[in-house]
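Mapped onto our numbering, the consecutive letters of the sequence shown carry residue numbers 17 to 157.
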Amino acid sequence: MTAAAVAATVPLAGCSRATTRTQDASDALLALADAARSDAALIVAAVTGDPSLAGRLEPLRAARMEHAAALDQAGGRTPGQIASPATPPSGDLAAVRDAVAGSARSAGEVVPRASALQVGLVAEVAACCATYAAILTGAPA
Numbered sequence: 017m018t019a020a021a022v023a024a025t026v027p028l029a030g031c032s033r034a035t036t037r038t039q040d041a042s043d044a045l046l047a048l049a050d051a052a053r054s055d056a057a058l059i060v061a062a063v064t065g066d067p068s069l070a071g072r073l074e075p076l077r078a079a080r081m082e083h084a085a086a087l088d089q090a091g092g093r094t095p096g097q098i099a100s101p102a103t104p105p106s107g108d109l110a111a112v113r114d115a116v117a118g119s120a121r122s123a124g125e126v127v128p129r130a131s132a133l134q135v136g137l138v139a140e141v142a143a144c145c146a147t148y149a150a151i152l153t154g155a156p157a
C-alpha cells in the first residue's frame, strides 16, 4: 500500500470511531428515555394502588416524562418511534424509590460518554433522580 493510500484511509478510520461513539451515546440516551417512561408508568401504578401518594409523586412523574421527551430528542428519536412502556402490574413507594435510584446510577454512567451538549441534560436527569431517591428514602413507605 502506498503512503497516499494509507493517508487516505486514516481519516475514514477516525470517522468510523466517531460514528460508533456517537451511536453509543445516542443509544445510551434512548435507554435513559425508556427508563424515564418506565419510571413514570411505575409512579402511575403506585398512585393507583395508593392515591394518597399522588401529591408526593406527581412532580416526579411529570419530571420523568419531561426527561423522556428531552432524551428522545437528544438521542434522535422521533415521536412516531416511541413505544409505550408496559405498565407494571403494581407499584409502591419502595419500587418507585428503587427505580429512580437505578435511573440516577444509569444516568451517572452515561455522563462520561455524553457529548458536551448532552452532558447537562444527563447530569440533570441524574441529579433529579438521585434527589428524589434520597427524599423517598426518608419517606414512610
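Backbone N, C-alpha and C define an ideal beta-carbon position, used for all residues, glycine too.
Reduced DSSP category for residue i - H, G, I as helix; E, B as strand; rest coil
i, result
"I98", "coil"
"R93", "coil"
"S122", "helix"
"D40", "helix"
"A13", "Since the first and last residues shown for the chain are 17 and 157, residue 13 lies out of range."
"G154", "coil"
"G107", "coil"
Integer Cβ distance of residue i from residue j, believed to fall under 8 Å
i, j, result
"G65", "D108", "6 Å"
"A110", "C145", "15 Å between Cβ atoms; not a contact."
"L48", "I59", "Going by Cβ atoms, the distance from L48 to I59 rounds to 16 Å, so no, they are not a contact pair."
Residue i and residue j closer than 8 Å at C-beta
i, j, result
"D55", "V116", "yes"
"A52", "S131", "no"
"A123", "A149", "no"
"V126", "A62", "no"
"G91", "L46", "yes"
Own chain, CB closer than 8 Å to residue i, minus 5 neighbours either side, in chain order
i, result
"R93", "L46 and A49"
Residues of its chain near residue i, where Cβ-Cβ distance is below 7 Å and the 5 sequence neighbours each way are ignored
i, result
"A86", "L137"
"I98", "D88"
"R129", "D40, A41 and A44"
Other residues of its chain near residue i: CB distance less than 6 Å, five sequence neighbours each side excluded
i, result
"H83", "A52 and V141"
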